[in-house]
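Visitor: Just passing along the structure, written as C-alpha cells.
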Amino acid sequence: MESSTKKLLAEELERATREFLRGAANVTSAEELAKRLHVSRSVVSKYLNEMAKKKLVVKIATRPVLFFDVPTLQKERGIVLSEFEFISLTEFERFLRVKGKQDEVFERVIGSHSSLHECVRNLKSSAKYPSPNGLCILLRGEEGTGKRFLVDQLALCLEEAGSEGGVTIVHCIQKPEGLGKLLFGAEGLLFGGKGGILLLAEADCIRQEVQNELAFLIENEYRFKRNGRSCKSRFRMVFTTTAGDNSCFSEHFLRAVQMEVCLPPLAERTLGEKEQLLAAFFEKEEEKLGREIHISNLVYHVLLKHGYEHNVKGMKEAVKAICAFANAEAAGERQMQIYARHLPPRLFPELKDTVYEEKQILSFRELKRAAGKDPVLEAYEGIRESFQRLRELSYAKEDFIRDAYKYMNKCSDYIIFEKKPENVRMETIRQIVRNVFAIVQDKYNIVAQAGYIEVLAALCYKKLYLDANLQKWEEEHRRETGEIWEFLRQEFPEECGISLYAAELLEKVLDIRECRMEVLFLTLNLYFYRPNRRRKKTMGLIAAHGYATASSIANAANRLLGGYVFDAIDMPLDVSVAEIARCMRDYMERCHGEDSVILLVDMGSLEEIGEEIGKESNIRVGIMNHVSTGAALEVGSRIQEFEELEEILRKASERTVCSYKVIAGRKRPDVILFASEAGTEVTERVIRLFEKSMPRKPDIRLLACDHRQLLAEGRDSPLFKEYNPLFIVGTMDSGLRGIPRLLLEDMAAVEDMEWMKRLLGKHFDEEELEKFNRNLLANFSLENVIENITILNPNILMNFIEKAVQNLQYQCKLHIAGKTKIFLYIHACCMVERLVTKTYGNGCEDTAEFEERQGDFIKAFCESFREVTEHYHIEIPISEIACMYEYIQAGAEEIP
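When the letters of the sequence shown are read in order and numbered with this note's numbering, they come out as residues 674 to 1569.
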C-alpha cells in the first residue's frame, strides 16, 4: 500500500510540475496533492519531506509550502539543478529563467562535459557570484587554447543575468610601463564606465608593484579613495597568462586572486572534442564560402592527429588555409572537395604515418553527426532497444543477455582506453569505488574485477562532473530501465542483491541519483565472473607488474573463453616479493571450494612466492611464468575441461614454448606504370617524355601496360607480383585503390606535385626533386603532351580540336573549363590518331542505348568535328562519341 501511494504521488507531482512549467497556475502543496490522491495530508507531507531530503523535489518555502519534481524540471528545461530550496515562487521562477540561459551559454562550449569541465564549472561559479565585481579570475593556458573565447562566454553569461559592460581588453605586453597610470591614474580605466569584465591579457607582463596595487584593490572589495572621496570600481577582473608557473607573479597578487582556471592544451583534449572542433570550424567555412564541403578520409585523420603549435587556434588556421586552397580550384561548383594536395606544408609530414585511403570522400555533415555521438549513451540505448525486442517477443532471453554483454564490453573498452581527465576528483572517486568494493567483497566473499572497478569509477565521474546527458537519459527512460532491472532481478537475484548493496554505498558517499544503468552493468559483470561449478576444482590467477597488465590479459582471456576462469592482481613495479605473497594469500582466503590454483606470472622473480603461499595454505599452487594472452587461453581451456593441475601445466608449457622466425621478404624493384587507352606507341612516347624530365637515371623501372588489361586484372595482375608500383601515369583512372595515379592533364594543368615528390624521396635528394618537378612542368605542358602523344602534326591537329570543342560547347550549351578541357583535348587527339592509324579498340560499350538516348549530342558532336573528319578522312564511331560524352559529363556545366 505504501509503495503504491508513493508511486501515485510521484506521478501526480510529475504531471503538476510539467503543467506549471507550461504556464498553469497549479498549487502543488501537500494539502492539494492529498486531495487529488484521496489520502491523508500527513502521509503526503511525510513522503514529500523524504523526497526533499533525497533532493528529488524542489521545496518553495511559501504558505502553503510548494513542491516540484526535480527530474521533470531538469528534463523539461535541460538543466541540472544545484539548489533545491527557495524562499518564494518568484525567486524560483527567476532562478529557472537565469539558470537556463546561463547554462545554455556554456553548454555551447566544446569540451564543457569533458576536458574543459572544471574550467567551465569555475566560470559558471564566477558568473553566479554576486555583482558587480564577482570573483577575480586568473585564466592560464598555452597560446590558442581558448582563453579569450571563454572570457567572451563569461560576458554573454553575465548579460543573460542582466549585467552590462561587455569586455574591456588591456594587452599588458604593449603597456608594461604605463599600465599603472592607465589603470589607477586621474582618468583611470578601473574607475569609469559601466563595468563589465576588465580583461588584462598577458598578465605575466604586469610589473610587480602594479600587481600589488591590483591585489590591494581586490582585497578591499574594489574600494579606494580619490581626492578624499570613497570610490568603487564596477569591473569584474580577469587576468590571462601563458606562463606555466608563478615566477612572474608576486605572492600578494596570487593570494588576492580568488579563482584560478587552467585550460589544457589541445593535445590533452579527447578525440571526440577534436572531432567536434573540426566540425565547427568546417561548418563556419561552409557558411562563409557558400559551398558544401567534402573531405578525404586521409586529410580528416591528418587534421585530427596533428600536434598544432598554437593549439585550437592552430587547428582553426589550418582549416581556413585548406579551405582557401580548395576554394580556389572549385570555381563555379556548389561542392568543394578537399584532398591531401590542399594540406599546408607544415601538415604534410603527417602523411607518411597515415594509412587511410584518400579516395574515400566524406561529407562533413556526416562527420559532424558522428562527432556528436557518445559511446556510453550508445551502449545504454543499445541495451534499451534490445530489451524492447525482448518485450515484443521477437527476442529470446539469451539474445538479450548476449546483447547486453556486448554493449557493456564495448562501453567498458571505450572508457578504459579513452583519454580520461586525471585530477583530484577522479582519483578520489576511484579510491571511493575501490573502498566500496572492498566492503562488498568482504561481505559477500566475492572477487570484483579490477578493470570493472576502473569502469565504474569513470562512469560515476562522468555522471557527476562531465555529462548531464547521462542523468537526463536515465530520467527520460526511467520506466524502461525499471523494467530491465525487474527482469534482471528475476533472472539473477543474487547478483542483483550484491549490486544494490554496492549502489547504496556509492549513493551515500557520492550522492548519485538514477544509477540503474551502473547497477545493471555491475549485475552483468558479477554474473559473468561469478564462481561456478566449472572452476571449483582449479582456479586461475594472473599476477603481473604494471598498471592493468594482469587485468587486461585476464579480461581478454575470460571473454574469449566465454566464462569466468581467471582473476587478476596488478602489482606496481617496485613492490617486494613478500608484499605480493601477502596480497595473494589475502586474495585466496576469500576464495573457497577450490582444490588448487594455477598462478601465471610475468617475471621469474614472482615464482619465489609459490613457497610463501604454500606454507600457509591447503591449496596446491602451480606457477607458470612468461604469461601472455595465448598462455592464459591454453591454461584456461584446460581448466574448463577439469584436467589435473600437473597435466595442465605440462601440456600448456609444451604448447606455449617461445619460437622465432625471420621473414625475409623478396625485394621487388620499384616501378612506375604507364597505362593509356591510346595504345602502346602513345604510351611509349609518354614514358620517354617522363624519363627526359628525370635529373638522372634512378633505380626505377618505367613500364608500359595495357589500360584495359590492368583494369580487368586489378590487384591480381602479374605486374604487382613482380614489381612494387609507386604510382600509375596515364590518361584514365586505373581504378586500383591504394596505388596513386597521375593523369596527364594533372601535369599539363600544373597540379601540385608534392605527393609524387614524397613517393620518389628515396631515389632523389631534395635538389634533384625540385629539378624533376620543374622539368615535368616544362615537358608536360599541353603543347608538349600533344606533340609527343601523336605522330600527326600537333599544331594543325590542335587547331582543329580546339575549334571542334568550342563548337561543341556552343551547340550543347556547355561550359568546359580547367582540367576537363585539357583532358578532352588529350583524348580527342589520341582518338584522331587511333582512327587514322586504325589501331583503336572497341571503345565504350552499350552504344545502342546511347544512340537512343543521346541522339542530339551525337548530331552536335558530328557537326562540331566535321572539319576534323573531313581533313583526316576518318569516321568517328558511336563508341568513341559515347566515351567523349562521359568525359564531358564528368566535368562540364550547363549554361542556363
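Ideal placement from N, C-alpha and C gives every residue a C-beta, glycine not left out.
By the three-class DSSP mapping on this structure, what secondary structure does Asp1047 have?
Guide: Reduced to three states, the DSSP call for Asp1047 is coil.
Visitor: Please state whether DSSP places Lys947 in a helix, a strand or coil.
Guide: In the structure shown, Lys947 sits in a helix (DSSP, three-state: H, G or I).
Visitor: List the residues that DSSP assigns as beta-bridge partners of Asp1240.
Guide: The partner list for Asp1240 (beta bridge, DSSP) reads Leu1214.
Visitor: Indicate the three-state DSSP secondary structure (helix, strand or coil) for Lys1334 in the structure shown.
Guide: Lys1334 falls in the coil class under three-state DSSP.
Visitor: Just to confirm my understanding: we take Arg1103, look at its own chain, exclude 5 residues before and 5 after, and list those with CB closer than 6 Å. What are they?
Guide: Contacts found: Ala1130.
Visitor: Please state if the CB of Thr1302 and the CB of Ala1377 are separated by a distance shorter than 8 Å.
Guide: Contact flag unset, no.
Visitor: Quick check: the Cα distance between Gly807 and Glu894, rounded to an integer number of angstroms?
Guide: Going from the Cα of Gly807 to the Cα of Glu894 covers about 10 Å.
Visitor: Whole angstroms are fine: how far does the CA of Glu1475 sit from the CA of Thr1542?
Guide: Going from the Cα of Thr1542 to the Cα of Glu1475 covers about 14 Å.
Visitor: Whole angstroms is fine: what's the gap from Gln1482's alpha carbon to Val1359's?
Guide: The straight-line gap from Cα to Cα measures roughly 29 Å.
Visitor: Have a look at Ser798 and Leu927 and give me their C-alpha separation to the nearest angstrom.
Guide: Roughly 19 Å separates the two Cα atoms.
Visitor: Determine contact between the region 1049-1063 and the region 998-1017, defined as no fewer than three beta-carbon pairs at a distance below 8 Å.
Guide: As far as the Cβ criterion goes, the region 1049-1063 does not touch the region 998-1017, which means the pair count is below three.
Visitor: Grouping DSSP H, G and I as helix and E and B as strand, with all else coil, what is Gln826?
Guide: In the structure shown, Gln826 sits in a helix (DSSP, three-state: H, G or I).
Visitor: Report the partner residues of Thr742 according to the DSSP bridge assignment.
Guide: Before going on, a small fix: residue 742 reads as Asp here, not Thr. Asp742 is bridged to Val730.
Visitor: Excluding sequence positions up to five away, which residues of its chain have a Cβ less than 6 Å from the Cβ of Glu816?
Guide: Result list for Glu816: Thr915 and His983, in chain order.
Visitor: Give me the residue from Leu936, Leu831, Lys905 and Asp877 with the minimum Cα distance to Gly861.
Guide: Checking every option, the nearest Cα to that of Gly861 belongs to Lys905.
Visitor: Within the chosen definition, does the region 872-882 reach the region 782-801 through at least 3 CB pairs nearer than 8 Å?
Guide: No, the region 872-882 does not touch the region 782-801.
Visitor: With a CB to CB cut of under 8 Å and the five nearest residues on each side skipped, what residues in its chain are close to Leu706?
Guide: Cβ within range, chain order: Leu682, Glu685, Leu686, Ala689, Val717, Leu721 and Phe740.
Visitor: Look at the alpha carbon of Met988 and the alpha carbon of Asn795, and state the distance between them as a whole number of angstroms.
Guide: The straight-line gap from Cα to Cα measures roughly 26 Å.
Visitor: With 16 other CB atoms within 10 Å as the buried threshold, where does Phe1315 fall?
Guide: Answer is exposed; the Cβ neighbour count stays below 16.
Visitor: Pull up the distance between the alpha-carbon of Lys1181 and that of Asn1108, whole angstroms please.
Guide: Each residue's alpha carbon lies about 13 Å from the other.
Visitor: Tell me whether Lys947, by its Cβ, gets closer than 7 Å to a heavy atom of the ligand ADP.
Guide: Annotation note on the ligand ADP: not contained in the displayed structure, which lists no ligands.
Visitor: With distances taken from CA atoms, which of Thr1520, Glu1191 and His1544 is nearest Ile1551?
Guide: For the residues Thr1520, Glu1191 and His1544, the minimum Cα distance to Ile1551 belongs to Thr1520.
Visitor: Nearest to Gln652 by CA position, among Pro1018, Arg964 and Tyr1053, is which residue?
Guide: Since the displayed the chain opens at 674 and closes at 1569, residue 652 lies outside it and no answer follows.
Visitor: Is it the case that the Cβ atoms of Val934 and Leu872 are separated by a distance below 8 Å?
Guide: Taking 8 Å as the Cβ cut-off, Val934 and Leu872 do not qualify as a contacting pair.
Visitor: Applying the criterion that 16 or more other CB atoms from any shown protein chain within 10 Å of the CB defines a buried residue, is Thr763 buried or exposed?
Guide: Exposed, since its Cβ has fewer than 16 Cβ neighbours within 10 Å.
Visitor: For a test of the three-state rule: what should DSSP assign to Val1541, helix, strand or coil?
Guide: Val1541: helix per DSSP, three-state reduction.
Visitor: So what does DSSP say about Cys935, is it helix, strand or coil?
Guide: In this structure, Cys935 counts as strand in the three-state DSSP scheme.
Visitor: Based on Cα-Cα distance, which residue from Lys728, Leu710, Tyr1078 and Leu746 lies nearest to Glu1149?
Guide: Minimum Cα distance to Glu1149 is reached at Leu746.
Visitor: Rank Gly1387, Gly814 and Ser1366 by C-alpha distance to the C-alpha of Glu1441 and give the top, closest one.
Guide: Nearest C-alpha to Glu1441: Ser1366.
Visitor: DSSP state of Ala1003, grouped into three classes?
Guide: Looking at Ala1003 - three-state DSSP - the assignment turns out to be coil, as it is neither helix nor strand.
Visitor: Does DSSP classify Glu687 as helix, strand or coil?
Guide: Of the three classes helix, strand and coil, the one that applies to Glu687 here is helix, per DSSP.
Visitor: Can you tell me whether DSSP reads Ile1590 as helix, strand or coil?
Guide: In this structure the chain extends from 674 to 1569, so residue 1590 is not present and cannot be described.
Visitor: Anyone know if the C-beta pair for Leu1273 and Ala1304 falls short of 8 Å?
Guide: Yes. Within cutoff.
Visitor: Would you kindly report the start and end of the unbroken beta strand (DSSP E) that includes Val1270?
Guide: Segment Ser1269 to Val1274, the beta strand (DSSP E) holding Val1270.
Visitor: So that I know if they touch, is there some Cβ in chain B lying closer than 8 Å to that of Cys935?
Guide: Of the protein chains in this structure there is only one, and it is not chain B.
Visitor: Identify the continuous alpha helix (DSSP H) that holds Thr735 and give its terminal residues.
Guide: No alpha helix (DSSP H) contains Thr735, which DSSP labels as neither H nor E.
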